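**Student:** Chains as they are written, first to last, in the numbering used here: chain A, 1 to 62; chain S, 101 to 162; chain P, 201 to 262; chain V, 301 to 362; chain H, 401 to 462; chain W, 501 to 562.
Where a beta carbon is used, it is the ideal one built from N, C-alpha and C, also for glycine.
Remember, it's a predicted structure, so these values are computed and weren't measured experimentally.
Got a structure for you, questions after.
Have a look at this one:
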């Protein structure tokens, strides 16, 4: 703990996830405290046809 | 916000998800209020061998 | 299954949740099919100071 | 209900998930009570490059 | 990791959660393997008026 | 989207959450890109007796 989950559109590279995990972990520790080893981050890629806003899928034209 | 997540067996089409996102969003707004643009829906497809009920996987014979 | 989770700002009444559970369940069945008894809905109330958009808590002035 | 979710590294077989769903369901019932048919378990496989601890992806060398 | 989440009706005691965390962790390790220290369990209590099945809140008469 | 969820032990102040939401949002944007307004963060406070590691509740003596 803490457990940080990040759901985002698929397409980010492993390099981006690597940098993001490091930056988000540091951002958490700097503001909320805790031990570095205790912070976990899980990424979940979501397809645009699996995410809707305002009742419309992101994969559909606006 | 609000954030609505729908976990279901894999196999639904994008057409079904499109219709579902629209209908569920309208159902939420009609009963709980809020702004259309603020409602998000995320679909997660689950394989039958990743879901169990009563200690048995749905992919196994009953 | 399916499992539908709805996270929203705290403040909705049990009457609203009752109507919402019914309406969302019907919306799901009408578009994705399935059996009525199999649909579950879980509501989670979130305080405005526990939800941020654009890096700002909803409890803060815009 | 109850709803038990298990996120773990990808690689477990369906046989392991089958045994795990049964064992975890029994462990829950033995300690918290409830009806067998009401317990659901959902497995989510996570790639090592989607999980970080201490700001480092598990897919990276320590 | 792994991360095990258990959502259940509110009312279980800390003693039950203590026993459940131990039993579920052991059930996971016996079937899926892994290191004891790496298994985390999070309990979430849900009120009966926040959980619906078949479109009806569990707090309502059947 | 993206949606960032942070589960942590209860006890952080609203000031800490405010700073954390801002810092984590900026960390995400700097590494994964996206629009500021689209990033959402939800905090969930977990009691120490609702979180276990290695089969033991954090509220129990080690």
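For a contact defined as C-beta to C-beta under 8 Å, what are the partners of residue 427(H) on chain V?
**Tutor:** 320, 323, 324, 326, 327
**Student:** Which same chain residues end up closer than 8 Å to residue 317(V) when comparing Cβ atoms and leaving out the 5 residues on each side of it in sequence?
**Tutor:** So the qualifying residues of the chain are 343.
**Student:** Taking the alpha carbon of residue 183(S) as the point to measure from, which residue in 201(P), 233(P), 208(P) has its own alpha carbon closest?
**Tutor:** Absent from the structure is residue 183(S), since the part of chain S shown begins at 101 and ends at 162.
**Student:** List the DSSP bridge partners of residue 221(P).
**Tutor:** Residue 221(P) is not bridged to any residue.
**Student:** Could you name the residues of chain P that residue 543(W) contacts, counting a contact when the two beta carbons are closer than 7 Å?
**Tutor:** 250
**Student:** Would you kindly report the start and end of the unbroken beta strand (DSSP E) that includes residue 308(V)?
**Tutor:** 303-309
**Student:** Taking the alpha carbon of residue 140(S) as the point to measure from, which residue in 120(S), 152(S), 110(S) has its own alpha carbon closest?
**Tutor:** 120(S)
**Student:** Quick one, which of 402(H), 414(H), 424(H), 411(H) has its alpha-carbon nearest residue 311(V)'s?
**Tutor:** For residue 311(V), the closest C-alpha among the options 402(H), 414(H), 424(H), 411(H) is that of 402(H).
**Student:** Going by DSSP, which residues form a beta bridge with residue 60(A)?
**Tutor:** According to DSSP, which records beta bridges pairwise, residue 60(A) is partnered with nothing at all.
**Student:** Would residue 315(V) count as contacting chain H if we go by Cβ distances under 7 Å?
**Tutor:** no
**Student:** For residue 256(P), collect the residues of the same chain with a Cβ closer than 8 Å to its Cβ; drop the 5 residues on either side in sequence, then sort them by chain order.
**Tutor:** Only 262 meet the Cβ criterion.
**Student:** How is the beta strand (DSSP E) around residue 147(S) delimited, first residue to last?
**Tutor:** Counting along the chain, residue 147(S) falls outside any beta strand (DSSP E), and DSSP gives it neither H nor E.
**Student:** Residues in the same chain with beta-carbon distance under 6 Å from residue 145(S), minus the five sequence neighbours each way, listed in chain order, please.
**Tutor:** 110
**Student:** Compare the C-beta of residue 254(P) against all C-beta atoms of chain W and say whether one is closer than 7 Å.
**Tutor:** yes
**Student:** Using the Cβ count rule (16 or more neighbours within 10 Å means buried), how would you classify residue 52(A)?
**Tutor:** buried
**Student:** Exposed or buried, what is residue 450(H) when buried is set at 16 or more other beta-carbons lying within 10 Å of its beta-carbon?
**Tutor:** buried
**Student:** Classify residue 139(S) as helix, strand or coil using the three-state DSSP reduction.
**Tutor:** coil
**Student:** Any beta carbon from chain P within less than 7 Å of residue 102(S)'s own beta carbon?
**Tutor:** With 7 Å as the cut-off, residue 102(S) counts as an interface residue toward chain P.
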